[in-house]
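Following this note's numbering, the numbering of the sequence shown begins with 567 at its first residue and continues without gaps.
Beta carbons: idealized from backbone N, C-alpha and C, even for Gly.
For reference, the structure is listed below as structure tokens.
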Amino acid sequence: MSGLPDLGNQFFFPRFSSLPLDAGFITFYDDSDDDFIEFDKSKPRFRNRSYRKHWCTFAEIIQDNQWPVRPVYKVKDLSGRQYLVSFYFDDQSLFPDVMKKCKVGSTLCIMYAERHEFMDGNEGVKISQPDAVKVLPVNLKDLMAAGHVFRARIKNVPSSTTPALCSNCNKPAEQRCSACTLSVYCSKECQSQDWAKKHKKECVVFKQLKLWDVFDWHKYDLFIFGVDFV
Numbered sequence: 567m568s569g570l571p572d573l574g575n576q577f578f579f580p581r582f583s584s585l586p587l588d589a590g591f592i593t594f595y596d597d598s599d600d601d602f603i604e605f606d607k608s609k610p611r612f613r614n615r616s617y618r619k620h621w622c623t624f625a626e627i628i629q630d631n632q633w634p635v636r637p638v639y640k641v642k643d644l645s646g647r648q649y650l651v652s653f654y655f656d657d658q659s660l661f662p663d664v665m666k667k668c669k670v671g672s673t674l675c676i677m678y679a680e681r682h683e684f685m686d687g688n689e690g691v692k693i694s695q696p697d698a699v700k701v702l703p704v705n706l707k708d709l710m711a712a713g714h715v716f717r718a719r720i721k722n723v724p725s726s727t728t729p730a731l732c733s734n735c736n737k738p739a740e741q742r743c744s745a746c747t748l749s750v751y752c753s754k755e756c757q758s759q760d761w762a763k764k765h766k767k768e769c770v771v772f773k774q775l776k777l778w779d780v781f782d783w784h785k786y787d788l789f790i791f792g793v794d795f796v
């Protein structure tokens, strides 16, 4: 069943405490990981895992730890739990782009995130694949709000009997935002007003959610890519 689940659905958008453990964290598989990962005990430890579904965790950056070797950030999830996210790209030439985009107040959307134990004993998430993360320039509160608006607009498609209404003033409207195509306006003035009020933040979120909306999140059949560092 294709379509983006509610961003508050913890089955697909888990908090940190619910993430599966990565292969380096555990000696044997954990039954709590069964919702995310299927294990084949007949195979070697680091090759016995396959994904059951798509999932993504959201982490708002609250501090740049300024680690000299690689980008490391303190983040928080929707429960308020704080932890570390560290970038382990093989191609370190991507790190300047990471540091440019990863600002305090932005949100990391990490596909197939797993809990990792770093060498100093701290727990967090290790990002090894550049195509597994998307950085959105909004905080968690604004991301969730945009997610609710997105789902409402996707479900309520205008028709001849229910014309589109201006996203700013609720009058009948036909002019769509050229970037996300989800916000509709009756005039340039309303479009400018809505951009200043909220759509500047919404628009970039809507574009990402549209990319996710085409997948069946219940079944892992192919890797959902990010686009920031590829």
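CA-CA distance, residue i and residue j?
| i | j | result |
| --- | --- | --- |
| HIS714 | ASP779 | 13 Å |
| CYS855 | ALA762 | Because the chain in this structure spans residues 567 to 796, residue 855 falls outside the shown range and cannot be described. |
| GLN632 | LEU660 | 16 Å |
| SER645 | ARG581 | 7 Å |
| ARG742 | PRO571 | 24 Å |
| GLY569 | GLY687 | 38 Å |
| ASN575 | SER584 | 12 Å |
| PHE803 | GLU740 | The structure shown does not extend to residue 803, since the chain spans only 567 to 796, so no value can be given for it. |
| HIS765 | PHE605 | 43 Å |
| PHE653 | TYR751 | 40 Å |
| SER749 | ARG636 | 38 Å |
Using 8 Å for Cβ pairs, my map puts residue i next to residue j. What's the rounded Cβ distance?
| i | j | result |
| --- | --- | --- |
| PHE624 | LEU731 | About 29 Å separates the two Cβ atoms, so there is no contact after all. |
| ILE676 | VAL664 | Not really, about 13 Å apart at Cβ, beyond 8 Å. |
| PHE781 | HIS620 | 6 Å |
On the three-state DSSP scale, how would you describe residue i?
| i | result |
| --- | --- |
| CYS675 | strand |
| CYS756 | helix |
| PRO738 | strand |
| CYS622 | strand |
| VAL638 | strand |
| VAL701 | strand |
| GLN774 | helix |
| SER782 | Note that residue 782 is Asp in the sequence shown here, rather than Ser. Note: ASP782 maps to strand in three-state DSSP. |
| SER659 | helix |
| query | Touch check for the segment 731 to 744 and the segment 694 to 713: three-plus C-beta pairs under 8 Å? | reply | Taking a contact to require three or more Cβ pairs closer than 8 Å, the segment 731 to 744 and the segment 694 to 713 do not qualify as touching.
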